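Enquirer: Be aware that the sequence shown starts at 1, since it is given in our numbering, and climbs by one per residue. By construction, the Cβ of each residue, glycine as well, lies at the ideal position given by its N, Cα and C atoms. Computed from a prediction, not measured in an experiment: that's the story for all the values here.
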Amino acid sequence: MNAVLQPPSTRTTAEWQAADTAHYLHPFTDFKALASKGSRVITRADNIYLWDSEGAKILDAMSGLWCVNVGYGQQALIDAATAQLKQLPFYNSFFQTATPPAIELAELLAEITPPQFNHVFFSGSGSEGNDTVVRMVRRYWDVLGQPERSVIISRKNAYHGSTVAGASLGGMSYMHAQGGLPIPGIVHMEQPFWFVHGHGKTRDEFGLEAARWLEAKILEVGPDKVAAFIGEPVQGAGGVIVPPATYWPEIQRICDKYGILLVSDEVICGFGRTGQWWGCETMGFRPDLMTFAKGVTSGYIPLGGVMVGDRIARVMIDQGGEFEHGYTYSGHPVACAVALANIRLIQREGLVDKVRTDTGPYLAEHFKALSEHPLIGEAQSVGLMGALQIVKDKSAGTCFDPSLEVGMICRGHCFANGLIMRAVGDRMIIAPPLIITRAQIDDMVALIRLCLDATLHDLQQRGLA
Ligand code: PXG
């Protein structure tokens, strides 16, 4: 792998921070709070490491933002983008036109997705992909003469993006509170979070119970009004909540019983994250639509989309007429060329098999051992995504007062010690690049342990633990 050579930075960290504060509104950020401390400016990356403007090296245990699956500095992706930029930097697919990279990517995606998928609709991001899902499931039922079937059932604490439709599908109440969401026709049921809701039950018993909340919701809404159910195979942004093995097969059974479309949001789980190409394969269900983004290009360039299963594609193609929906960058040739290079690299290096048979199980073993730490109540991982639940009292399984923001305290210690982990409340999350080696997993786990020790020490100093 070649390090990407950057021109030397012409500004100091303080100068970057001043310009950042003056002009740049960051996503999901308290602007005033950030202005008072300043951003950490990331200037370059290679393999699984980042460097900041002070020259500090950081192990990126979050793959950027769950996306840099093949790691940083992959020459094949850089070359693909460069060649396509020279050949044809842009052309659209609106007016009975297409470009070779978009056609080839559609063909390759049909090959690497489950057999029911033979068509794709491209977007620029995961949020836009889920906007397409809303438009498509409603259009499908419309074309079939059942326009009243328009309600989509999702789950609390789900994350499906930040556009109006994406945030409505998502189950983050603090997002709904800003902007009058959700939009009509989207309802939410409880999530399959065993650590919080499953006390006194085995995981498998709880998985069946949680799936049956879907049947209760369908009956509450009216089976003839429900268009689809959407879920992430493993909730990512909600805290890497791995559902019990019984959950998804039961969800599938209920969707089949009522003829409801099943949508798998694979934006995080897709492209090998769980040890199979798709999270639905790991969790054992057969969706009608799959949203993807992030890992499709390993985040090197924005791209998203929706895989459209034959059940829907046949209706949309044979009876649908014009589908009044699309984006300027649907099938962007440079993004598609990078995606082709990325997927071929994953195939060439056997990265999905490596996660399933080697690094995934190796991480699980070493990550599980962290549950012995006095602060950790639960350690869970699947493939190369994992979560550590911080608890106040290990034996009782009780959590800290959320207002103490213990997760953020821990994240601060990670940042200070050269490790990027994500805090979701008091769950500490990892999703490292799929190229991570066993030796790098050892380093990462040692760093996590060090940061947990530092957090415990800090809490003891403050009289909180
Ligand atoms: N679906 C899922 C399952 C996601 O995780 C989206 C859709 C939206 O994708 P775009 O490309 O529009 O961002 C996501 C995105 C976090 C975090 O803090 C997670 C995401 C995005 C930003 C932050 O964990 N996931």
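I'd like the ranges of any beta strand (DSSP E) spanning at least 3 consecutive residues and lying wholly in the segment 163-219.
Expert: Qualifying beta strand (DSSP E) stretches, in chain order: 186-189.
Enquirer: Closest to leucine 340 by C-alpha separation, out of Asp353, Leu363 and Ser298, would be which residue?
Expert: What you label residue 340 is simply residue 340 of the sequence shown in a count that begins at 1. Nearest of Asp353, Leu363 and Ser298 to leucine 340, Cα basis: Ser298.
Enquirer: Could you name each continuous beta strand (DSSP E) segment of 3 residues or more that falls completely within the segment 88-172, going from the start of the chain to the end?
Expert: Qualifying beta strand (DSSP E) stretches, in chain order: 117-123 and 151-155.
Enquirer: Closer than 7 Å by C-beta to glutamate 107: which residues in its own chain qualify, once you throw out the five before and the five after it? Chain order, please.
Expert: Looking up residue 107 in the sequence shown gives position 107. Hits under 7 Å: none found.
Enquirer: With C-beta atoms as the reference, is serine 125 less than 9 Å away from alanine 245?
Expert: Taking the sequence shown and counting its residues from 1, one reaches residue 125 at position 125. Taking the sequence shown and counting its residues from 1, one reaches residue 245 at position 245. Result no, Cβ atoms of serine 125 and alanine 245 do not sit closer than 9 Å.
Enquirer: If you follow the alpha helix (DSSP H) that glutamine 461 is part of, which residue opens it and which one closes it?
Expert: Within the sequence shown, residue 461 is the residue found at index 461, counting from 1. Here the alpha helix (DSSP H) through glutamine 461 covers 438-461.
Enquirer: Please state whether DSSP places phenylalanine 28 in a helix, a strand or coil.
Expert: For this step, residue 28 is matched to residue 28 along the sequence shown. Coil.
Enquirer: Taking the beta strand (DSSP E) that threonine 291 falls in, what are its first and last residues?
Expert: Here the question's residue 291 lines up with position 291 in the sequence shown. That run of the beta strand (DSSP E) goes 289-292.
Enquirer: Relative to the C-alpha of glycine 279, which candidate in Ile268, Asp288 and Leu289 has its C-alpha closest?
Expert: The residue labelled residue 279 in the question sits at position 279 within the sequence shown. Checked all of Ile268, Asp288 and Leu289; the closest Cα to glycine 279 is Ile268.
Enquirer: By Cβ distance, which residues of its chain are closer than 8 Å to asparagine 157, with the 5 residues on each side in sequence left out?
Expert: In the sequence shown, the residue the question calls residue 157 occupies position 157. Excluding sequence neighbours, asparagine 157 sits near Gly171, Met172, Gln191, Phe193, Gln235, Gly238, Gly239 and Ile241.
Enquirer: For serine 125, verify whether its CB is less than 8 Å away from any heavy atom of ligand 1.
Expert: The residue you call residue 125 lines up with position 125 of the sequence shown. Serine 125: yes, Cβ under 8 Å from ligand 1.
Enquirer: Distance check for histidine 457 and alanine 364, CA to CA, integer angstroms please.
Expert: Taking the sequence shown and counting its residues from 1, one reaches residue 364 at position 364. Taking the sequence shown and counting its residues from 1, one reaches residue 457 at position 457. Each residue's Cα considered, the two are about 26 Å apart.
Enquirer: Could you spell out where the beta strand (DSSP E) holding glutamine 235 opens and where it closes?
Expert: Stepping through the sequence shown from its first residue, residue 235 is reached at position 235. Unbroken run through glutamine 235: none, as it is neither H nor E.
Enquirer: Report all residues from its chain with a CB closer than 7 Å to the CB of asparagine 92; omit the five preceding and five following residues, and keep chain order.
Expert: As a first step, residue 92 must be located in the sequence shown, where it is residue number 92. Cβ neighbours of asparagine 92 beyond the five flanking positions: Thr328.
Enquirer: Following a CB-centred definition, is glycine 305 positioned closer than 8 Å to any heavy atom of ligand 1?
Expert: Sequence index remark: in the sequence shown, residue 305 carries index 305 (1-based). Outside the cutoff, so no.
Enquirer: Considering tyrosine 362, what are the terminal residues of the alpha helix (DSSP H) in which it resides?
Expert: As a first step, residue 362 is located in the sequence shown; it is residue number 362 there, counting from the start. Counting along the chain, the alpha helix (DSSP H) containing tyrosine 362 begins and ends at 360-368.
Enquirer: Note down the Cα distance separating threonine 29 from serine 330, rounded to an integer number of angstroms.
Expert: Translated into positions along the sequence shown, residue 29 becomes position 29. Translated into positions along the sequence shown, residue 330 becomes position 330. Straight-line Cα distance between these residues: approximately 28 Å.
Enquirer: Consult DSSP for asparagine 47 and reduce its assignment to one of helix, strand or coil.
Expert: Numbered from its first residue, the sequence shown carries residue 47 at position 47. It is a strand residue.
Enquirer: Tell me the DSSP secondary structure of methionine 62 in three-state form.
Expert: Taking the first residue of the sequence shown as position 1, residue 62 is located at position 62. Of the three classes helix, strand and coil, the one that applies to methionine 62 here is coil, per DSSP.
Enquirer: With DSSP as the reference, identify every bridge partner of lysine 57, one or two as the case may be.
Expert: As a working note, residue 57 is residue 57 in the sequence shown. Its beta-bridge partners are Trp51.
Enquirer: Out of curiosity, what's the CA-to-CA distance linking aspartate 20 and valine 196?
Expert: Reading the sequence shown from its first residue, position 20 is the one you call residue 20. Reading the sequence shown from its first residue, position 196 is the one you call residue 196. Those two C-alpha atoms are separated by around 39 Å.
Enquirer: Under 8 Å: does the beta carbon of aspartate 163 sit that close to some heavy atom of ligand 1?
Expert: Working through the sequence shown from its first residue, we reach residue 163 at position 163. The amino acid occupying residue 163 in the given sequence is threonine; aspartate does not appear at that position. At least one heavy atom of ligand 1 is nearer than 8 Å to the Cβ of threonine 163, so yes.
Enquirer: Between phenylalanine 285 and glutamine 252, how many whole angstroms is the CB-CB distance? I'm expecting something under 8 Å.
Expert: Translated into the one-based positions of the sequence shown, residue 285 becomes position 285. Translated into the one-based positions of the sequence shown, residue 252 becomes position 252. Contact flag correct, Cβ pair sits at about 4 Å.
Enquirer: Let me know the secondary structure DSSP gives glutamate 266 once reduced to three states.
Expert: Counting from one through the sequence shown, the residue named residue 266 turns up at place 266. Three-state DSSP puts glutamate 266 in coil, outside helix and strand.
Enquirer: Using a Cβ-Cβ cutoff of less than 6 Å, which residues in the same chain neighbour leucine 459 once the five nearest sequence positions on both sides are dropped?
Expert: For the purposes of this step, residue 459 is taken as the residue at position 459 of the sequence shown. Cβ within range, chain order: Ala465.
Enquirer: What is the DSSP secondary structure of glutamate 378, counted as helix, strand or coil?
Expert: Counting from one through the sequence shown, the residue named residue 378 turns up at place 378. Note: glutamate 378 maps to strand in three-state DSSP.
Enquirer: Does the beta-carbon distance from serine 162 to proline 182 come in below 9 Å?
Expert: On the sequence shown, position 162 is the one that residue 162 refers to. On the sequence shown, position 182 is the one that residue 182 refers to. The answer is no: Cβ separation not under 9 Å.
Enquirer: Let me know the secondary structure DSSP gives leucine 419 once reduced to three states.
Expert: Within the sequence shown, residue 419 is the residue found at index 419, counting from 1. Strand at leucine 419.
Enquirer: For proline 374, which residues from the same chain have a beta carbon less than 7 Å from its beta carbon, with the 5 sequence-adjacent residues on both sides left out?
Expert: Within the sequence shown, the letter at position 374 stands for residue 374. The answer, listed in chain order, is Lys394 and Leu456.
Enquirer: What number of angstroms, rounded off, separates the C-alpha of isoleucine 430 from the C-alpha of arginine 273?
Expert: As a working mapping, residue 430 is identified with position 430 in the sequence shown. As a working mapping, residue 273 is identified with position 273 in the sequence shown. The alpha-carbon atoms of isoleucine 430 and arginine 273 are separated by roughly 11 Å.
Enquirer: Output yes or no for whether 9 Å exceeds the beta carbon distance between glutamate 128 and glycine 321.
Expert: As a working mapping, residue 128 is identified with position 128 in the sequence shown. As a working mapping, residue 321 is identified with position 321 in the sequence shown. Cβ distance not < 9 Å, so glutamate 128 and glycine 321 don't count as in contact.
Enquirer: Between valine 267 and ligand 1, is there a pair consisting of the residue's CB and a ligand heavy atom that are separated by less than 8 Å?
Expert: Taking the sequence shown and counting its residues from 1, one reaches residue 267 at position 267. Within the cutoff, so yes.
Enquirer: Under three-state DSSP, which class holds arginine 427?
Expert: One-based indexing of the sequence shown puts residue 427 at position 427. Arginine 427 falls in the strand class under three-state DSSP.
Enquirer: Can histidine 332 be considered in contact with ligand 3, in the sense that its beta carbon sits closer than 8 Å to one or more heavy atoms?
Expert: Because ligand 3 does not appear in the structure shown, any question about it cannot be addressed here, the ligands present being ligand 1.
Enquirer: If we count Cβ pairs, one from each stretch, closer than 8 Å, do we get three or more for the segment 401-421 versus the segment 256-264?
Expert: Not touching, per the Cβ criterion.
Enquirer: Determine the direct distance from the alpha carbon of proline 100 to that of phenylalanine 90, and round the result to whole angstroms.
Expert: In the sequence shown, the residue the question calls residue 90 occupies position 90. In the sequence shown, the residue the question calls residue 100 occupies position 100. Approximately 11 Å between the Cα atoms of the pair.
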